[in-house]
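If you count by the working numbering, then the sequence shown holds residues 33 to 296, one letter each, in order. For glycine and all other residues, C-beta sits at the position ideal for the given N, C-alpha and C. These figures come from a predicted structure and were not determined experimentally. Structure first, commentary second.
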Amino acid sequence: MSLEVEGLCIDIDGRRVVDDVSFSVPDGARLGLIGESGSGKSITALAIMGLLPDGAVASGSIRWNGRELIGLPDRELAQLRGDEIGMVFQEPRTALNPIRTAGRQIAESIRIHEPISRREARTRAIAEAERVHLPDPASLLARYPHQLSGGQRQRVAIAMALAARPRLLIADEPTTALDVTIQAEILELLLTLVEQEGMSLIFITHDLAVLAQVATHAVVLEDGRTVEEAPIAQLLHSPASVVAQGLLRDATATLWRPDGTETA
Numbered sequence: 033m034s035l036e037v038e039g040l041c042i043d044i045d046g047r048r049v050v051d052d053v054s055f056s057v058p059d060g061a062r063l064g065l066i067g068e069s070g071s072g073k074s075i076t077a078l079a080i081m082g083l084l085p086d087g088a089v090a091s092g093s094i095r096w097n098g099r100e101l102i103g104l105p106d107r108e109l110a111q112l113r114g115d116e117i118g119m120v121f122q123e124p125r126t127a128l129n130p131i132r133t134a135g136r137q138i139a140e141s142i143r144i145h146e147p148i149s150r151r152e153a154r155t156r157a158i159a160e161a162e163r164v165h166l167p168d169p170a171s172l173l174a175r176y177p178h179q180l181s182g183g184q185r186q187r188v189a190i191a192m193a194l195a196a197r198p199r200l201l202i203a204d205e206p207t208t209a210l211d212v213t214i215q216a217e218i219l220e221l222l223l224t225l226v227e228q229e230g231m232s233l234i235f236i237t238h239d240l241a242v243l244a245q246v247a248t249h250a251v252v253l254e255d256g257r258t259v260e261e262a263p264i265a266q267l268l269h270s271p272a273s274v275v276a277q278g279l280l281r282d283a284t285a286t287l288w289r290p291d292g293t294e295t296a
């Protein structure tokens, strides 16, 4: 299944925040949306998911496997979310319900898309927790989000996003709030799951060093507009836009060895 975004414009209370953005994500592709804060990355992802905030209006075209998503009824969008397109947000604390245990939230994500009993869903939730490498899942899933570490909360969010085996995963800055060690673990986990399931990936970030680890192609955004679209290798060696050149300068030192050669 493929995603085609053509001439996407988003206005919020009459102010244009995304202007004529186009890109495609073929089946199994890994695309990055990269740019500084306020460039339009996250709002573009929300438009794909049908989760734009009040006052926001999208125009243009967003087609998933040939099906137009802009203007799709809420009920159909709700079924599409999770079932075919999943999303992981930057801060899982805001995406998780604080008064429900982690296990219950994973189980509910499963039951939304599958007609199974609560007991079956609880069993599946443990399996999904194991899949995202949560240690001692039976114990951790009995806890509430505030009782989990940041990395554990993000793993729960990933398990929820992938419980229905979507064909496209959108990951919006999923490691920004984590320390470097946990960040690397989450990136490795995401890439492994995407490859195992043959999913497509849209990875949103402001960090070119992070993007280089998970994507093969990128769209660079600035002030809601596309300023460059290129393979990751090109952005790392000869970025054409001023924005991409700045992102390369800001990229973390993990991209390079002291002798100037690439680490990956």
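Item, Value
"Would you identify the three-state DSSP class for Asp45, choosing helix, strand or coil?", "coil"
"Compare the C-alpha of Ala196 against each of Val251, Gly114 and Glu260 and name the closest.", "Gly114"
"Indicate whether Pro198 and Glu116 have their beta-carbon atoms separated by less than 8 angstroms.", "yes"
"Please state if the CB of Gly64 and the CB of Ser232 are separated by a distance shorter than 8 angstroms.", "no"
"Should His178 go down as buried or exposed, given a rule of 16 or more other Cβ atoms within 10 Å for buried?", "exposed"
"Skipping 5 residues on each side, what residues in its chain have a beta carbon closer than 6 angstroms to that of Asp43?", "Val89"
"How is Gly183 classed by DSSP in three states: helix, strand or coil?", "helix"
"Just to confirm, is the Cβ distance from Ile131 to Ala157 under 8 angstroms?", "no"
"Would you be able to state if there are at least three C-beta pairs under 8 angstroms between the stretch 269-276 and the stretch 90-107?", "no"
"Could you spell out where the alpha helix (DSSP H) holding Met119 opens and where it closes?", "Note, Met119: premise wrong, no alpha helix (DSSP H); beta strand (DSSP E) at Ile117 to Val120."
"For Gly64, does the three-state DSSP call read helix, strand or coil?", "strand"
"So Leu172 and Gln186 are in contact, right, with Cβ under 8 angstroms, and what is the actual spacing, rounded?", "Not quite, the Cβ-Cβ distance comes to about 13 angstroms (not below 8 angstroms), so this is no contact."
"Taking 8 angstroms as the limit between beta carbons, can you name the residues of its chain near Leu112, skipping five residues before and five after?", "Gly82, Trp96, Leu101 and Leu104"
"What separation, rounded to the nearest whole angstrom, lies between the Cα atoms of Ile280 and Val37?", "Note that residue 280 corresponds to Leu in the displayed sequence, not to Ile. Cα to Cα, the separation comes out at about 26 angstroms."
"Is it the case that the Cβ atoms of Phe235 and Arg99 are separated by a distance below 8 angstroms?", "no"
"Between the C-alpha atoms of Gly92 and Cys41, what's the straight-line distance to the nearest angstrom?", "6 angstroms"
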